[in-house]
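One structure is given below, encoded as structure tokens.
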Amino acid sequence: MGGYGDVQMIDEKGLRMDGRKPSECRPIEIETGVVPVADGSARVRWGLNDVIAAVYGPMEAHPRKIQRQDRAVLDVRYNMAPFSTTDRIRPGFNRRSREISKVTAEALESVVLLELYPRSKIRVEIEVLCAEAGTRCAGITAASAALAHAGIPMTDLVVSVASGKVNGVVVCDLNKEEDNYGEADLPMGILPNSGELVFLQMDGDLSQEDFKIAWDYNMEAASHIHEIMARALKGGDA
Amino acid sequence: MRGRRVAGPIDMTRGRGAGGPHGSRESVLVAPGDDLGDSKELEPGHGVIVVDGRLKAVKQGRMMKDGKNVGIQPRRTAYVPRPSDLVIGFVEGMTNNIWFIDIGAPFNAILPLSLGPSKASFGGLRSVLDVGDAILCRIQEVEENHSSVATMKGMGLRKLKTGSVESVDPHLLGRVIGSKGANLSELKEKTDTRIIVADNARVWIDGDVAGIISARAELGAMMMKAKISEYGGDV
């Protein structure tokens, strides 16, 4: 898979269009308690991405047919605001947002202690206010911080980050141009304390060597993001 | 699938030494997944689980170490009802013989006709307790699936017809009450009001309007102070 080979996104010094080294992440800020009416909330600003996640519950699951007698259900909704991209997005759910909601719920279900809340529902709303590639990673990271902020018991936080391949070079945390014209994209959801994976997708092709480099970049970035997230949770709003 | 561990060990140097939290009572702020020590030396308390012989935090909050016991005082938490809790609830709905009461927990409690006010009769529940009414009741029973049964049979349990009901953070309830009720007594005296602090983190304040307003303001300031002192002025 060649991608758009004529679009040069790595210069002769090996730097990317925005001046980052291949292993470098975009700047990240995480803030908790941004939605006062929610039980827990977090905002992630990641490059130009701006994502808010709000958590409500645990609450009684309605309609009753979705209740599970032995555990809670995690109801995740990922949505992009109509103004979040240059092309207006039609409001409401589409195939992409359903897919991302589903993979996010599955990633979070592996850490949330759902069995403590039988017949309940925990609602997680992820709203993308500004999108610049990597919104699913920003969404998962924000949702994880919001769940922790809401006091929902979790065995670990989930940090999500993507690496990819651009002009034959593996790079960490793709920006919009790299995502659009690059050759591959590898988003991963990582549990920073155990190093376990709870989510992995791959778009495009990566050789075994490239996959290993992308993996290492993601692990390193996850460590960095986890530090920021832990700092936000320990020192954010009260 | 497992990669390498990417998070650093928890910084316990805020205690008395870099070797970890020694001494009888010490505390550190933790996030879910933080490693809290070896399960051979320590015992897990609230908000702590054991994974592969290590204690792990499952909640965000303040780690409290009391002797060998390590627990977490969560920063935010939902009220979970327990039998004999005194709670302030709001009537949310009713059938012919059951009221549904919002007690601030994930699930509504039920108040059967037999445990409600004695003047209620089958089919006439609305005339005694209507939707939106506040009541002071007690949790009689909590089932394993989180359903709870409330009762109004008991001394002082009644419909709250006057005053104002405020909500506070459940984990900061102790701060409102104070040691042996000191803070609460001071608040009552200062504002000349009647105050009931329920276990579900709802506070009933009754008195004249000026008293209620000043008690609400005092309560708000008290909560803010509790948060600041707990988390180092980051409110």
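For the record, the sequence lines run as chains A and B. FYI, the working numbering numbers position 29 of the first sequence as 95, with every residue one higher than the one before it. FYI, the working numbering numbers position 91 of the second sequence as 474, with every residue one higher than the one before it. C-beta: ideal position from N, C-alpha, C; glycine also.
Does DSSP put Lys439(B) in a helix, a strand or coil? strand
Buried or exposed: where does Asp271(A) fall if 16 or more other Cβ atoms within 10 Å of its Cβ makes it buried? exposed
8 Å contact criterion, which Asn452(B) and Gly428(B) should meet: CB distance rounded: Taking a contact as a CB-CB distance under 8 Å, the pair Asn452(B) and Gly428(B) counts as one, their CB atoms being some 5 Å apart.
Pair within 8 Å by beta-carbon distance, Ile518(B) and Val580(B): no
Could you tell me whether the stretch 591-599 of chain B touches the stretch 562-581 of chain B, using the rule of 3 or more Cβ pairs below 8 Å? As far as the Cβ criterion goes, the stretch 591-599 of chain B touches the stretch 562-581 of chain B, which means the pair count is three or higher.
Tell me Thr221(A)'s beta-bridge partners as DSSP assigns them. In the DSSP output, where bridge partners are listed per residue, Thr221(A) has none listed.
Go ahead and label Gly406(B) buried or exposed: buried means 16 or more other beta carbons lie within 10 angstroms of its beta carbon, across all protein chains shown. Interpretation of Gly406(B) is limited by its pLDDT of 43, a score under 50 that renders its predicted location unreliable; the figure taken from the coordinates is listed afterwards. Counting Cβ neighbours within 10 Å, Gly406(B) comes out exposed, since fewer than 16 surround it.
Can you grab the Cα-Cα spacing for the pair Asp417(B) / Asn479(B), in whole Å? 50 Å
Grab me the residues of Cys196(A)'s own chain with a C-beta within less than 7 Å of its C-beta, minus the 5 sequence neighbours each way, in chain order. Leu114, Asn115, Asp116 and Ser150
Give the single residue among Gly546(B), Ser568(B) and Gly564(B) whose Cα lies nearest to the Cα of Ile471(B). Among Gly546(B), Ser568(B) and Gly564(B), the Cα nearest to that of Ile471(B) is on Gly546(B).
Quick check: what's the CA-CA separation for Glu78(A) versus Pro219(A)? 48 Å
Cβ contact check for the stretch 203-210 of chain A and the stretch 221-230 of chain A: 3 or more pairs under 8 Å: yes
CA-to-CA distance, Glu95(A) to His292(A), given in whole angstroms: 11 Å
Enumerate in chain order the residues of its own chain whose CB-to-CB distance from Arg585(B) is below 6 Å, with the five nearest sequence positions on each side excluded. Ile471, Val548 and Ser550
Less than 8 Å separating the beta-carbons of Asn145(A) and Ile192(A)? yes
Within the 8 Å Cβ cut-off, does Leu180(A) reach chain B? no
Could you tell me the alpha carbon to alpha carbon distance between Pro93(A) and Asn528(B), rounded to whole angstroms? 44 Å
Quick one: Cα of Lys423(B) to Cα of Val100(A), how far? 40 Å
Taking only the alpha-carbon atoms, compute the straight-line gap between Glu275(A) and Met607(B) and give it to the nearest angstrom. 54 Å
Using the beta-carbon count (16 or more within 10 Å), is Phe490(B) buried or exposed? buried
Starting from Ile493(B) and walking both ways along the beta strand (DSSP E), at which residues does that stretch end? Looking at the DSSP string, the run of the beta strand (DSSP E) that includes Ile493(B) is Ala492 to Pro495.
Please report whether the beta-carbon of Leu602(B) lies at a distance below 8 Å from any beta-carbon of chain A. no
Quick check on this structure: which residue in Val514(B), Arg577(B), Ser562(B) and Ser497(B) has the alpha carbon closest to the alpha carbon of Gly594(B)? Of the candidates Val514(B), Arg577(B), Ser562(B) and Ser497(B), Arg577(B) places its Cα closest to the Cα of Gly594(B).
Between Ala212(A), Phe265(A) and Arg297(A), which has its C-alpha nearest Ala119(A)'s C-alpha? Ala212(A)
Pull up the distance between the alpha-carbon of Val411(B) and that of Ala298(A), whole angstroms please. 15 Å
If I'm right that Leu223(A) touches Met295(A) with Cβ under 8 Å, what's the distance once you round it to whole angstroms? So it is a contact: roughly 6 Å between Cβ atoms.
Give the interface partners of Leu412(B) over in chain A, defined as CB-CB distance under 7 Å, in chain order. Lys300
Going by Cα to Cα distance, which pick from Pro500(B), Arg558(B) and Ser467(B) is closest to Val532(B)? With distances taken between Cα atoms, Val532(B) lies closest to Ser467(B).
Check whether the Cβ atoms of Leu469(B) and Leu438(B) lie closer than 8 Å to each other. no
Extent of the continuous alpha helix (DSSP H) to which Phe277(A) belongs: Gln274 to Gly301
Among Leu425(B), Val592(B) and Ala492(B), whose alpha-carbon lies nearest the alpha-carbon of Glu524(B)? Ala492(B)
Based on the DSSP secondary-structure assignment, which residues constitute the bridge partners of Val178(A)? Met220(A)
Between Lys168(A) and Ala138(A), is the Cβ-Cβ spacing less than 8 Å? At least 8 Å separates the beta-carbon of Lys168(A) from that of Ala138(A).
Is the beta carbon of Val559(B) closer than 8 Å to that of Thr221(A)? no
So with Cβ pairs under 8 Å, would you call Arg599(B) a contact of chain A? no
How would you call Gly557(B), buried or exposed, if buried means at least 16 neighbouring beta carbons within 10 angstroms? exposed
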